[in-house]
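Structure record follows, encoded as structure tokens.
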Amino acid sequence: MARVYNFSAGPSVLPEAVLKTAAAELVEYKNTGMSVMEMSHRSAMYEEIINTAEADLRKLMNIPENYKVLFLQGGASSQFAMVPMNLMKNSRKADFVHTGQWSKMAIKEAKRYGTVNIVASSEDKTFNYIPEFDTNRFSADADYFHIVTNNTIYGTKPAKMPETGNVPLVADMSSNILSEPYNVSDFGLIFAGAQKNIGPAGLTIVIIRDDLTDYSMDMTPTMFQYKTHVEGGSMYNTPPTYGIYFAGLTFKWLLEIGGVEEIAKINRQKAALLYDYLDNSALFNATVADRNHRSIMNIPFITGNEDLDKKFVKEAEKNGIVNIKGHRTVGGMRASIYNGMPVEGVKALVEFMKKFETENK
Ligand SMILES: Cc1ncc(COP(=O)(O)O)c(C=O)c1O
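Following this note's numbering, the numbering of the sequence shown begins with 146 at its first residue and continues without gaps.
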């Protein structure tokens, strides 16, 4: 069977070239006579793999010296607890921008450890927009300020990061890390699960400013302390070795095509193809109206008729366009067009939508 165009929100499409390299090296990595999966994480060969992956990520994101890169497990969801346990150091207060399911989960966890102040929310309209950031509502003494840089389910993305002054900005970048440039020094901490733009599920990337690594609440499990992983160079215990190796291949691929600036151009082109069609279609509508706050990674759309949505999803699948169904909480459709989705995939989707529109007028 040929590869399909997979619009899944995650785990999701990965660059075919990277999958092919991984396949070629799967049984025997270079001249080691073994798979990366079989390699000791303490071996010289593995050390080179993890060090190169980190160096390449640093290049791609232009990560300053005073930030540590950690390769962890537990998914982005573990960070919802790890962040408050380690960053709630003084006032034990955190500010949150509430823009969907993932901020909701992060808020729920943070509330176990301290006080949560929601400074902006789009819950009133099923999170289909990005709320205004009013700095008057920000807490000057918060230990951190949490934001989701791309709302995977609703397809929204803040156009600008809030000005939080001395309060460290914590970003959940799970669904748009490496999709377009961000200035790492605007943040105190960035985290992301790998399973969208980086590689297989099981690896979680944390980029943390040095001064935020020295504290954790007394009851924090050793594995949940950033300090543990900083001191252990992400090797306190066995790291997700294969996931890190795969991430390294993706980072090399990105560097080869010109880095984050270059992939951002491609991502914007892909998103424009789909939004332009949606904005002119008589059948389909994008659910996010505000063009400034539209995601370029996850694009939800509807026909306004549930039966027709279902028919579309079914027929799309028969045409090699799979996992286009919207999140179970919102319905409709969603095209996730991460870095690994080629332009041809989006073109194929738009062509199919046009055909469907003609046939279902
Ligand atoms: C923005 C965002 N945050 C957090 C998560 C949860 O990630 P994980 O499943 O790695 O815990 C997801 C998963 O889709 C996500 O999209």
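The beta-carbon is built from N, C-alpha and C at its ideal position, and this holds for glycine as well.
Short Cβ contact (9 Å threshold) for residue 228 with residue 307:
No, the pair does not count as a contact, with Cβ atoms beyond the cut-off.
Rounded distance between the beta-carbons of residue 315 and residue 411, thought under 8 Å:
Rounded, the Cβ-Cβ distance is 28 Å, inconsistent with contact.
Does residue 182 come out as helix, strand or coil in the three-state DSSP assignment?
Looking at residue 182 - three-state DSSP - the assignment turns out to be helix.
Straight-line gap, residue 364 to residue 258 (C-alpha atoms, nearest Å)
Computed Cα separation, rounded: 11 Å.
Quick check: is any heavy atom of ligand 1 less than 8 Å from the C-beta of residue 250?
For ligand 1, at least one heavy atom lies less than 8 Å from the Cβ of residue 250.
Taking the alpha helix (DSSP H) that residue 459 falls in, what are its first and last residues?
Start and end: 451 to 463.
For residue 199, is the classification buried or exposed, using 16 other Cβ atoms within 10 angstroms of its Cβ as the cut-off for buried?
Per the 10 Å Cβ criterion, buried.
Counting only the same chain and skipping the five closest in sequence on each side, list residues whose C-beta sits under 6 Å from that of residue 263.
Here the set comprises 241 and 243.
Under the rule that 16 or more other beta-carbon atoms within 10 Å means buried, what is residue 479, buried or exposed?
With a threshold of 16 other beta carbon atoms within 10 Å, residue 479 meets it and is buried.
What residue does the alpha helix (DSSP H) around residue 374 start on, and which one ends it?
Looking at the DSSP string, the run of the alpha helix (DSSP H) that includes residue 374 is 371 to 376.
By Cβ distance below 7 Å, which residues in the same chain neighbour residue 158 in space, the five residues on each side in sequence not counted?
Cβ neighbours of residue 158 within its own chain (closer than 7 Å, five residues either side excluded): 151, 483, 485 and 486.
With contact counted as at least three CB pairs below 8 Å, one residue from each stretch, are the region 181 to 197 and the region 383 to 399 in contact?
Judged by pairs of C-beta atoms under 8 Å, the region 181 to 197 touches the region 383 to 399, as three or more such pairs exist.
Please list the segments of the beta strand (DSSP E) lying wholly inside the region 380 to 460, counting only runs of 3 or more residues, in order along the chain.
The region 380 to 460 contains, as complete beta strand (DSSP E) runs of 3+ residues, the segments 443 to 447 (chain order).
Distance between residue 407 and residue 224 (C-alpha atoms, nearest Å)
Between residue 224 and residue 407, the C-alpha separation is close to 29 Å.
Could you give the DSSP three-state label for residue 257: helix, strand or coil?
Three-state DSSP puts residue 257 in coil, outside helix and strand.
I'd like to know whether the C-beta atoms of residue 267 and residue 274 end up nearer to each other than 9 Å.
Their beta carbons are under 9 Å apart, which means residue 267 touches residue 274 by this criterion.
Terminal residues of the beta strand (DSSP E) in which residue 191 lies
Note, residue 191: premise wrong, no beta strand (DSSP E); alpha helix (DSSP H) at 189 to 206.
May I ask you to check if the CB of residue 295 is nearer than 8 Å to at least one heavy atom of ligand 1?
Yes - ligand 1 has a heavy atom lying nearer than 8 Å to the Cβ of residue 295.
Which of the three DSSP states is assigned to residue 288 in this structure?
Coil at residue 288, not helix or strand.
Could you pull the DSSP bridge partners for residue 336 from this structure?
Residue pairing for residue 336: DSSP places it in a beta bridge opposite 317 and 351.
Is it buried or exposed for residue 298, if we count other Cβ within 10 angstroms and need 16 for buried?
Counting Cβ neighbours within 10 Å, residue 298 comes out buried, since at least 16 surround it.
Residues near residue 438 by beta carbon distance below 7 Å, same chain, minus five either side
Result list for residue 438: 274, 275, 301, 302, 303 and 304, in chain order.
Using three-state DSSP, classify residue 331 as helix, strand or coil.
Assignment of residue 331 by DSSP, reduced to helix, strand and coil, places it in the helix class.
Rounded to a whole number of angstroms, what is the C-alpha to C-alpha distance between residue 370 and residue 231?
In a straight line, the C-alpha of residue 370 is about 7 Å away from that of residue 231.
Roughly how many angstroms lie between the CA atoms of residue 191 and residue 180, to the nearest whole one?
Going from the Cα of residue 191 to the Cα of residue 180 covers about 11 Å.
Residue 247 beta carbon near ligand 1 (any heavy atom closer than 8 Å)
Yes; taking the cut-off as 8 Å, the Cβ of residue 247 has a heavy atom of ligand 1 nearer than that.
So residue 333 and residue 293 are supposed to be a Cβ contact under 8 Å. How far apart are they, rounded?
At roughly 15 Å, the Cβ-Cβ gap does not stay under 8 Å, so residue 333 and residue 293 are not in contact.
Where residue 231 sits in the DSSP three-state scheme
The answer is helix: DSSP assigns residue 231 an H, G or I state.
Go to residue 500, then tell me how far its alpha helix (DSSP H) extends in each direction, as first and last residue.
Per DSSP, residue 500 belongs to the alpha helix (DSSP H) from 488 to 504.
At what residues does the beta strand (DSSP E) containing residue 302 begin and finish?
Run containing residue 302: none; DSSP gives neither H nor E here.
8 Å contact criterion, which residue 207 and residue 329 should meet: CB distance rounded:
The C-beta separation of residue 207 from residue 329 comes to about 7 Å, placing the pair in contact by the 8 Å criterion.
Smallest Cα separation from residue 326: which of 504, 172 and 205?
Residue 205 is the option with its Cα nearest to residue 326.
Sufficient close CB pairs (3 or more, under 8 Å) joining the region 338 to 350 to the region 154 to 172
In short, these stretches touch, since the Cβ pair count reaches three.
Can you name, in chain order, every residue of its own chain whose Cβ lies under 6 Å from the Cβ of residue 444, other than the five neighbours on each side?
Residues of the same chain with a CB within less than 6 Å of the CB of residue 444, apart from the 5 flanking positions on each side, are 300, 419 and 480 in chain order.
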